[in-house]
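Notes for the one structure printed next.
Protein chains: 2
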Amino acid sequence: MSTSIFDRDLPKTQANYQPLTPLSFLARAGAVYAEHTAIIHGSQRFTYREFYGRCRRLAAALAKAGIRRGDTVSALLANTPAMLEAHYGVPMAGAVLNTLNTRLDAAVIAFSLDHAETRLVLIDTEFSGLLKEALGLMKGPRPVIIDYVDREFVPDGKRLGSIDYESFIANGDPDFAWAMPDDEWDAISLNYTSGTTGNPKGVVCHHRGAYLVAQGNVLTQQMRKHPVYLWTLPMFHCNGWGYPWSISIMGGTHVTLRAVRAKAIWQALAEHKVTHLCGAPIVMATILNAPEGEKTKLPHVVEFTTAAAPPPEIVLARMAEAGFNVTHVYGLTETYGPAVVNDWDADWDRLDISARAAKKARQGVNYIPLEALTVMNPETMERVPADGKTLGEVMFRGNIVMKGYLKNRQASEEAFKGGWFHSGDLAVLHEDGYVQLKDRSKDIIISGGENISSIEVEEVLYKHPAVQGAAVVAKADEKWGETPCAFIELKPGMSATADEIVEWCRKGLARFKVPKHVVFAELPKTSTGKIQKFKLREMAKEV
Amino acid sequence: MSTSIFDRDLPKTQANYQPLTPLSFLARAGAVYAEHTAIIHGSQRFTYREFYGRCRRLAAALAKAGIRRGDTVSALLANTPAMLEAHYGVPMAGAVLNTLNTRLDAAVIAFSLDHAETRLVLIDTEFSGLLKEALGLMKGPRPVIIDYVDREFVPDGKRLGSIDYESFIANGDPDFAWAMPDDEWDAISLNYTSGTTGNPKGVVCHHRGAYLVAQGNVLTQQMRKHPVYLWTLPMFHCNGWGYPWSISIMGGTHVTLRAVRAKAIWQALAEHKVTHLCGAPIVMATILNAPEGEKTKLPHVVEFTTAAAPPPEIVLARMAEAGFNVTHVYGLTETYGPAVVNDWDADWDRLDISARAAKKARQGVNYIPLEALTVMNPETMERVPADGKTLGEVMFRGNIVMKGYLKNRQASEEAFKGGWFHSGDLAVLHEDGYVQLKDRSKDIIISGGENISSIEVEEVLYKHPAVQGAAVVAKADEKWGETPCAFIELKPGMSATADEIVEWCRKGLARFKVPKHVVFAELPKTSTGKIQKFKLREMAKEV
Numbered sequence: 000m001s002t003s004i005f006d007r008d009l010p011k012t013q014a015n016y017q018p019l020t021p022l023s024f025l026a027r028a029g030a031v032y033a034e035h036t037a038i039i040h041g042s043q044r045f046t047y048r049e050f051y052g053r054c055r056r057l058a059a060a061l062a063k064a065g066i067r068r069g070d071t072v073s074a075l076l077a078n079t080p081a082m083l084e085a086h087y088g089v090p091m092a093g094a095v096l097n098t099l100n101t102r103l104d105a106a107v108i109a110f111s112l113d114h115a116e117t118r119l120v121l122i123d124t125e126f127s128g129l130l131k132e133a134l135g136l137m138k139g140p141r142p143v144i145i146d147y148v149d150r151e152f153v154p155d156g157k158r159l160g161s162i163d164y165e166s167f168i169a170n171g172d173p174d175f176a177w178a179m180p181d182d183e184w185d186a187i188s189l190n191y192t193s194g195t196t197g198n199p200k201g202v203v204c205h206h207r208g209a210y211l212v213a214q215g216n217v218l219t220q221q222m223r224k225h226p227v228y229l230w231t232l233p234m235f236h237c238n239g240w241g242y243p244w245s246i247s248i249m250g251g252t253h254v255t256l257r258a259v260r261a262k263a264i265w266q267a268l269a270e271h272k273v274t275h276l277c278g279a280p281i282v283m284a285t286i287l288n289a290p291e292g293e294k295t296k297l298p299h300v301v302e303f304t305t306a307a308a309p310p311p312e313i314v315l316a317r318m319a320e321a322g323f324n325v326t327h328v329y330g331l332t333e334t335y336g337p338a339v340v341n342d343w344d345a346d347w348d349r350l351d352i353s354a355r356a357a358k359k360a361r362q363g364v365n366y367i368p369l370e371a372l373t374v375m376n377p378e379t380m381e382r383v384p385a386d387g388k389t390l391g392e393v394m395f396r397g398n399i400v401m402k403g404y405l406k407n408r409q410a411s412e413e414a415f416k417g418g419w420f421h422s423g424d425l426a427v428l429h430e431d432g433y434v435q436l437k438d439r440s441k442d443i444i445i446s447g448g449e450n451i452s453s454i455e456v457e458e459v460l461y462k463h464p465a466v467q468g469a470a471v472v473a474k475a476d477e478k479w480g481e482t483p484c485a486f487i488e489l490k491p492g493m494s495a496t497a498d499e500i501v502e503w504c505r506k507g508l509a510r511f512k513v514p515k516h517v518v519f520a521e522l523p524k525t526s527t528g529k530i531q532k533f534k535l536r537e538m539a540k541e542v
Numbered sequence: 000m001s002t003s004i005f006d007r008d009l010p011k012t013q014a015n016y017q018p019l020t021p022l023s024f025l026a027r028a029g030a031v032y033a034e035h036t037a038i039i040h041g042s043q044r045f046t047y048r049e050f051y052g053r054c055r056r057l058a059a060a061l062a063k064a065g066i067r068r069g070d071t072v073s074a075l076l077a078n079t080p081a082m083l084e085a086h087y088g089v090p091m092a093g094a095v096l097n098t099l100n101t102r103l104d105a106a107v108i109a110f111s112l113d114h115a116e117t118r119l120v121l122i123d124t125e126f127s128g129l130l131k132e133a134l135g136l137m138k139g140p141r142p143v144i145i146d147y148v149d150r151e152f153v154p155d156g157k158r159l160g161s162i163d164y165e166s167f168i169a170n171g172d173p174d175f176a177w178a179m180p181d182d183e184w185d186a187i188s189l190n191y192t193s194g195t196t197g198n199p200k201g202v203v204c205h206h207r208g209a210y211l212v213a214q215g216n217v218l219t220q221q222m223r224k225h226p227v228y229l230w231t232l233p234m235f236h237c238n239g240w241g242y243p244w245s246i247s248i249m250g251g252t253h254v255t256l257r258a259v260r261a262k263a264i265w266q267a268l269a270e271h272k273v274t275h276l277c278g279a280p281i282v283m284a285t286i287l288n289a290p291e292g293e294k295t296k297l298p299h300v301v302e303f304t305t306a307a308a309p310p311p312e313i314v315l316a317r318m319a320e321a322g323f324n325v326t327h328v329y330g331l332t333e334t335y336g337p338a339v340v341n342d343w344d345a346d347w348d349r350l351d352i353s354a355r356a357a358k359k360a361r362q363g364v365n366y367i368p369l370e371a372l373t374v375m376n377p378e379t380m381e382r383v384p385a386d387g388k389t390l391g392e393v394m395f396r397g398n399i400v401m402k403g404y405l406k407n408r409q410a411s412e413e414a415f416k417g418g419w420f421h422s423g424d425l426a427v428l429h430e431d432g433y434v435q436l437k438d439r440s441k442d443i444i445i446s447g448g449e450n451i452s453s454i455e456v457e458e459v460l461y462k463h464p465a466v467q468g469a470a471v472v473a474k475a476d477e478k479w480g481e482t483p484c485a486f487i488e489l490k491p492g493m494s495a496t497a498d499e500i501v502e503w504c505r506k507g508l509a510r511f512k513v514p515k516h517v518v519f520a521e522l523p524k525t526s527t528g529k530i531q532k533f534k535l536r537e538m539a540k541e542v
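Okay, here's the thing in structure tokens:
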């Protein structure tokens with residue numbers, strides 16, 4: 000490459016180059032929107048000045064507690080102010096935030112804490128029992144425990160640490176001079192995903208991607224200044240898809256909810272004039288199925304962003320009637336959450352309802368910060384024809400793709416083979432370039448917005464003394480989207496009932512992963528002995 | 000720095016790292032908004048498919064013409080489709096776009112072409128005379144000339160090259176596989192600024208900054224999908240402040256105007272349902288002073304972004320009445336245009352009109368993509384107290400600060416001294432952190448949105464045989480914002496009239512730089528002989 004006059008004497012300096020990080024958004028909001036309400040949690044209110052101050056206190060307290068650059072801080076928290084503060088305070092200390100799914104079982108939590116080499120845990124006392132069990136199962140050194148007591152909602156939770164969160168951050172300086180990341184490629188968060196194997200993989204995200212996806216959300220949702228965001232999406236899902244960072248960009252207000260309950264949602268929508276919320280289809284079902292007395296007329300169209308499964312026709316119609324505009328997005332933990340959006344063409348409004356629903360069911364096109372999205376034959380790495388028929392694997396490329404899997408070079412290299420992130424999801428490409436998912440090659444079941452690895456469930460089933468063969472597939476479910484349906488072949492001369500199998504699974508799996516249906520049958524196999532899951536999916540429909 | 004588990008085996012790959020460039024915005028819009036109107040120019044219409052295709056054709060044609068990475072392509076164009084295409088097609092060829100101010104004189108154009116080592120010029124035939132004269136003054140090799148003939152508006156312009164723009168790009172492949180920049184730090188544009196010395200300095204901007212400022216505009220203007228943007232701001236000013244790139248992000252429509260004329264503006268506002276436009280105060284004056292018959296009732300509030308001078312109280316009131324919301328921004332060519340915004344607090348709406356105007360007159364706070372903005376004592380590099388009184392120099396830091404000045408290492412180093420970009424503008428810091436300009440240490444006069452270096456005008460005056468001393472200051476002007484006012488001391492025994500002096504200046508300066516007022520007087524000086532310009536500014540008020 001020859002150099003030109005533009006390659007000479009024009010180096011990066013502190014004046015013209017700064018790492019991209021979403022921490023900058025809060026620093027700006029803390030100054031420009033100082034008196035605007037940043038967080039509403041029950042009867043609590045925090046302005047941006049307070050929010051920024053509390054995040055700096057947390058960072059300072061973590062530094063005092065010995066947390067250093069590149070250390071992991073785990074959070075087992077509900078959607079609370081502490082969880083929002085962790086999204087800024089932990090990286091302000093140079094550390095990496097590892098949010099844990101509060102619905103998982105203790106064994107998986109223990110595995111994550113060990114694998115992440117967690118130095119400190121922020122624990123919501125509602126989940127003390129779960130953490131205590133997990134600490135007992137850990138192999139590595141025990142982390143420091145900080146108890147977060149949500150006084151309004153969980154005053155009586157059990158303490159595990161020696162200090163509570165408020166006392167901990169009170170020791171930190173609200174003017175703490177936090178440092179920018181050394182490099183925008185530095186890790187900001189670590190999210191464990193249930194993959195195809197029993198052990199979860201640690202998805203590492205960086206400051207650059209977090210900055211870009213946060214702006215991508217604002218642009219895609221066409222947010223104006225001071226949005227009001229309702230937390231129906233758990234922040235332990237891909238860092239709440241980046242919204243803890245997005246909302247600071249426009250000086251918005253977070254309305255935090257510990258749990259997805261219809262009454263609290265409708266109350267918040269009316270009282271706080273919510274403009275945006277996100278969630279799996281189960282959240283829409285909860286909203287729509289509220290008793291009529293709990294619903295209110297919305298003051299304006301509320302933007303609802305959904306992922307995990309295409310919104311069904313009837314749900315779309317009822318959401319529109321209730322005053323919501325639904326946007327369908329798609330992504331993976333590996334892509335910071337949403338990396339694909341069903342970018343709605345206003346012309347489609349003129350279609351009839353089922354044609355509209357068919358358009359809305361498509362996953363869509365690349366998010367603004369995603370460089371490229373395509374569907375390819377994973378063997379040849381050639382793009383499939385845009386015919387709406389030819390199956391291929393969905394591939395991503397760009398700055399909102401993870402750094403890789405933690406301590407798993409092989410998995411990272413496989414995931415990035417050929418310069419594209421291989422999603423494992425199978426899809427077609429429509430004539431207009433929109434992607435539509437057709438199947439998941441990784442056999443993931445998505446129930447109530449949670450990913451369930453069919454293989455993880457099968458492993459538990461295989462351990463049952465009477466089980467000879469087992470296969471788990473998704474069965475469509477009106478409420479949960481999908482539920483796991485288990486097909487079992489018993490060993491000759493052995494017997495077991497469906498109830499016994501369910502009971503067995505409850506001992507070894509988080510509650511939401513336990514099969515809702517158990518069918519005893521011969522498993523259909525290919526000539527080479529591979530179980531034909533597509534046949535089981537057909538059979539599951541009839542159950 | 001100790002390494003952590005997050006520093007291991009997590010390298011950048013093509014899958015998870017791509018250079019930030021605004022070229023990506025057009026690639027996405029070309030696919031997702033293919034049939035949406037991208038450009039309206041007179042009776043011409045281009046969809047995004049066509050716009051993207053024409054940019055690729057231009058890139059391909061440039062490559063065929065021998066343009067290589069890091070070469071300069073200059074554009075002496077009005078606000079036309081070709082100018083928009085140059086903003087994408089030139090960097091798609093790996094080249095650097097140097098837009099030239101069509102209002103400058105031939106000597107400055109010649110200097111720029113020589114200094115930029117321009118390989119090819121895109122010339123609007125309206126300006127053939129200017130370019131011809133400039134080519135005659137050039138010292139370096141003559142660039143290739145491509146004539147852009149705006150058939151609807153300037154059918155009879157004189158051709159200088161051997162091929163016209165449409166034929167040139169027709170030779171390029173609309174599917175040309177353009178390359179992403181090697182690095183997001185690569186130069187995308189070169190803009191000459193009139194500084195304190197006679198010779199302009201070449202401000203080099205990079206892809207990363209262009210990407211970020213383009214998103215910053217959308218976020219700051221709270222643009223929704225498919226905005227309609229009216230080109231009243233010349234694209235040769237800081238690349239139209241980045242809007243040629245911003246509009247692609249949201250799939251918006253550009254309405255290009257060759258000249259700022261009231262009738263055409265009001266027609267476009269009504270006919271195309273314009274949502275956004277930008278300009279110096281002169282554009283607001285033009286809009287407001289249109290004959291009543293030419294004005295129309297606007298279908299919605301139109302966002303007007305103004306820079307160069309604080310909008311006066313009466314103008315704000317009249318703009319609001321006419322249906323515009325005015326946002327005040329501030330920046331320099333060195334900061335990609337707008338890097339500071341008067342972020343409006345809704346509470347200020349309750350103030351009376353003059354208090355509102357006083358709030359609006361403040362330049363404000365850092366733009367979302369600007370890391371930091373402050374006012375410092377340039378000697379000590381200490382922040383001035385936020386008391387609204389203490390003067391200091393406005394300093395910028397962040398990713399929308401230029402790479403530096405082309406072939407001028409010393410000027411770049413001075414500009415970035417201490418890790419901050421020194422703007423040369425003097426300001427105070429208010430208690431709420433808002434910056435307000437008080438004076439310009441570089442003695443720049445801003446007339447009709449154009450920067451005039453007082454020193455450049457003085458140099459011409461000093462060459463007049465009768466002039467002993469000369470000083471030029473800004474004089475407030477209702478129409479132009481400011482105009483140059485010259486104070487002259489004649490040599491003993493010599494004489495000259497004001498008309499003779501104006502005539503002299505016309506020969507050596509672009510028309511807009513010629514002093515509107517000439518005063519013969521003794522120049523007030525300090526004890527060390529420095530001319531006291533603040534006293535002249537007071538005297539100019541009385542002229």
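Residue numbers (numbering that gives the first Met the number 0), protein chains in the order written: chain A, 0 to 542; chain B, 0 to 542. All residues carry an ideal CB built from backbone N, CA and C; glycine is no exception.
Check whether residue i and residue j have beta carbons under 8 Å apart
{"i": "GLU301 of chain A", "j": "VAL340 of chain A", "result": "Residue identity check: residue 301 of chain A is Val in the sequence provided, not Glu. Not in contact: VAL301 of chain A and VAL340 of chain A (Cβ atoms no closer than 8 Å)."}
{"i": "THR98 of chain A", "j": "THR255 of chain A", "result": "no"}
{"i": "ILE168 of chain A", "j": "ARG53 of chain A", "result": "yes"}
{"i": "GLY418 of chain A", "j": "VAL459 of chain A", "result": "no"}
{"i": "ALA105 of chain A", "j": "LEU189 of chain A", "result": "no"}
{"i": "HIS271 of chain A", "j": "VAL227 of chain A", "result": "yes"}
{"i": "THR237 of chain B", "j": "MET401 of chain B", "result": "As written in the sequence, residue 237 of chain B is Cys, which differs from the Thr given in the question. It is not a contact, given that the beta carbons lie outside the stated cut-off."}
{"i": "THR546 of chain B", "j": "THR20 of chain B", "result": "This structure cannot settle anything about residue 546 of chain B, because the visible part of chain B is limited to 0 through 542."}
Residue i (DSSP reduced to helix, strand or coil)
{"i": "LEU159 of chain A", "result": "coil"}
{"i": "GLU481 of chain B", "result": "strand"}
{"i": "ASP498 of chain B", "result": "helix"}
{"i": "THR285 of chain B", "result": "helix"}
{"i": "VAL148 of chain B", "result": "coil"}
{"i": "ILE454 of chain B", "result": "helix"}
Test: residue i CB closer than 8 Å to a CB of chain A
{"i": "GLN467 of chain B", "result": "no"}
{"i": "VAL212 of chain B", "result": "no"}
{"i": "ASN170 of chain B", "result": "no"}
{"i": "PHE415 of chain B", "result": "yes"}
Chain B within 8 Å of residue i, Cβ atoms only
{"i": "MET318 of chain A", "result": "no"}
Cut-off 6 Å between Cβ atoms - residues of its own chain near residue i, not counting five sequence neighbours on either side
{"i": "TRP230 of chain B", "result": "ASN78, THR255 and LEU256"}
{"i": "ARG223 of chain A", "result": "none"}
Within chain D, partners of residue i - CB distance below 9 Å
{"i": "ASP6 of chain A", "result": "The structure shown has no chain D; the protein chains it does contain are A and B."}
Positions along the segment 104-120 of chain B whose CB lies within less than 7 Å of some CB in chain A: GLU116
Where the segment 389-402 of chain A meets chain B: residues whose CB sits under 8 Å from a CB there: PHE395, ARG396, GLY397, ASN398, VAL400, MET401 and LYS402
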